[in-house]
Amino acid sequence: MASVYSVSQVNAYIKNMFLQDFALSRISVKGEVSNCKYHTSGHIYFTLKDGSSAISAVMFAGNRSGLSFQLKEGQRVVAAGSIDVYERDGRYQLYAKKITLDGEGDLFLRFQKLRDELEEMGMFAPEYKQPIPRYAKTVGIVTASTGAAIRDIMNIASRRNPYVQLVLCPALVQGEQAKYSIAKGIETLDALGLDVIIVGRGGGSIEDLWAFNEEMVARAIFNCRTPVISAVGHETDVTIADYVADLRAPTPSAAAELAVFDYRQFEEQVRLDGERLSRAMGRILERKKYQTRELEYRLKLRHPERLLNERRQFLADAEEKFASLMGNRLERSRHRLALLAGRLSGLSPLEKLSRGYGFVTDGEGRRLTSAAAVEPGDRFLVCLADGRLTGTVVERELFENEKEAVGRERGGDHVAEDRE
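Residue numbers (our numbering): 112 to 531.
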């Protein structure tokens, strides 16, 4: 009976055979990347495949320095490393230490050289970039008429704004004649006076995208008077057209979103702006109405008729007050006049005469207040209430006190005469 081996023994034997094979220890494998996964540990797990076969591959985190780009699905790469057996699972895989894009060497050098030349000429300068219209009505497209790019652009444009007119200029986007076709398409659409032009295609290898790295295409974009959006390949693909274009979009779908404004969002924005405007106008009108009412009230306060009525009322009050003051003053004056009249009446000679008294004057009209002022034979005049009497002093009789007064007067006269 043949010898029986364990699974581990078989896997170890096969692994030893792989290690002894010099060709498998240093090998470069070309293929298309699929099932690419970046592990949290930093390792990259992927599969290389061609038309009929596939091989598992891994690049450990320690070898990531040998990768100068983002590894992703669909890329054609050359992975250099070794093929060994993973004993636990009993399968072999490629342990990659360096990965490069297939055909990158010569093409990448050409890309860098042209990029540096055009940059030195100023074709990438920001001052030459044209702004992309915010509300484009006509959008030109230079791409293949049957590719996925045009379908994506049409679907997104119709969804965002069905009123935008799309003008397609079919062009070859791959092969030797592609650069002539793309440049001619740009010139044709530029002559139509459109709002914006999208130039691009879907993803592919560096060879597939090379038409957009040609100087002819770059100059056509730079000389285009219509703003140009480049949309070549996937987000990680960068071409000369991206540098020259007025705006770079990571994908054709993104280019459609940048070129075609969202009509529903526009309508919603217009509605919101209308509501804000209406509210603002309402607040302004309310404020103006309040100001108008305030001014109207102030105008009423300053109305000439109101001021005239106030003056009239003031004059009426002043007249009433003046009449009251004058009445009080007249009353006081009447009262005082009555008092003075009573006093005057009491001092009036006529009043006294009317009560039986008389007013006596001498012959010369001087008032006589004493009997000693006349001598017998002197004339005198008596005024009564109803007439005058003229008479002559027949006899004079002095009272005792009057005699003494007369004697004193006469004695004084004698003394004065003696002194003289």
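C-beta: ideal position from N, C-alpha, C; glycine also.
Residues near residue i in its chain [Cβ-Cβ closer than 7 Å; skip 5 each side]
i: Ala168; result: Phe157, Thr158, Leu159, Ala190, Gln204, Leu205, Ala207
i: Val343; result: Gly311, Arg312, Leu320, Phe323, Thr350, Ala352, Asp353
i: Leu178; result: Met170, Ile210
i: Val485; result: Asp473, Leu479, Phe491, Val504, Arg507
i: Ala329; result: Leu229, Met234, Ile351, Ala352, Val355
i: Leu369; result: Ile243, Ile340, Leu358, Ala360
i: Gly296; result: Val253, Cys280, Ala282
Reduced DSSP category for residue i - H, G, I as helix; E, B as strand; rest coil
i: Gly453; result: helix
i: Phe491; result: strand
i: Gln241; result: coil
i: Val121; result: helix
i: Ala356; result: coil
i: Asn146; result: strand
i: Leu220; result: helix
i: Gln276; result: strand
i: Ile194; result: strand
i: Leu305; result: coil
i: Val328; result: helix
i: Lys141; result: strand
i: Thr299; result: helix
i: Gly393; result: helix
i: Phe470; result: strand
i: Arg375; result: helix
i: Arg423; result: helix
i: Arg409; result: helix
i: Glu528; result: Its pLDDT being 47, under 50, Glu528 is placed unreliably in this model, and the coordinates cannot settle the point.
i: Glu318; result: coil
i: Ala260; result: helix
i: Lys183; result: coil
i: Tyr116; result: coil
i: Pro236; result: The amino acid at residue 236 is misidentified as Pro; the sequence shows Ala. Coil.
i: Asp428; result: helix
i: Ser444; result: helix
i: Gln288; result: coil
i: Asp227; result: helix
Paired residues, beta bridge with residue i - DSSP
i: Pro281; result: Thr254
i: Arg404; result: Bridge partners of Arg404: none, in fact.
i: Ala168; result: Phe157, Leu205
i: Thr537; result: Because the chain spans 112 through 531 in this model, residue 537 falls outside it and cannot be assessed.
i: Arg312; result: Val343
i: Phe323; result: The partner list for Phe323 (beta bridge, DSSP) is empty, contrary to what the question assumes.
i: Val381; result: Val381 is not bridged to any residue.
i: Thr249; result: Gln276
i: Gly177; result: DSSP lists no partner for Gly177.
i: Leu212; result: Val188
i: Gly498; result: Leu495
i: Arg478; result: Thr472
Distance between beta carbons of residue j and residue i, contact taken as under 8 Å
i: Val471; j: Gly488; result: Actually they are not in contact, since the Cβ atoms of Val471 and Gly488 sit about 16 Å apart, beyond 8 Å.
i: Val339; j: Val250; result: About 11 Å; that fails the 8 Å criterion.
i: Thr211; j: Val188; result: 7 Å
i: Leu303; j: Val278; result: 7 Å
i: Glu198; j: Asn122; result: 4 Å
i: Ser136; j: Ser193; result: 5 Å
i: Ala134; j: Ile267; result: Going by Cβ atoms, the distance from Ala134 to Ile267 rounds to 50 Å, so no, they are not a contact pair.
Nearest residue (CA-CA) to residue i, options the options
i: Gly498; options: Phe510, Gly469, Gly476; result: Gly469
i: Ala483; options: Leu383, Arg507, Thr501, Glu475; result: Arg507
i: Glu325; options: Leu441, Arg226, Ile194; result: Arg226
i: Ser364; options: Gly502, Gln186, Lys141, Thr254; result: Thr254
i: Gly258; options: Leu283, Glu228, Ala172, Arg398; result: Leu283
i: Tyr246; options: Arg398, Arg477, Leu388, Glu378; result: Glu378
i: Met232; options: Phe333, His414, Arg221, Ile264; result: Phe333
i: Tyr291; options: Ala331, Asp263, Arg270; result: Ala331
i: Gln241; options: Ala449, Ala434, Thr337, Arg270; result: Thr337
Same chain, Cβ closer than 6 Å to residue i, five either side skipped, listed in chain order
i: Tyr374; result: Asn272
i: Gln120; result: none
i: Gly314; result: Gly344, His345
i: Glu143; result: Lys160, Arg187
i: Leu300; result: Gly251, Cys280, Ile308
8 Å CB neighbourhood of residue i in its chain, flanking five on each side removed
i: Ala427; result: none
i: Val118; result: Gly201
i: His154; result: Val169, Met170, Phe171, Ala172
i: Lys183; result: Val144, Cys147, His345, Thr347
i: Val526; result: Reliability fails at Val526, whose pLDDT of 42 lies under 50, so the model's placement of it is uncertain and no value is given.
i: Ser152; result: Ala172
Residue i Cβ short of 7 Å to the ligand SAH heavy atom set
i: Ser179; result: Ligands displayed in this structure: none; no statement on the ligand SAH is therefore possible.
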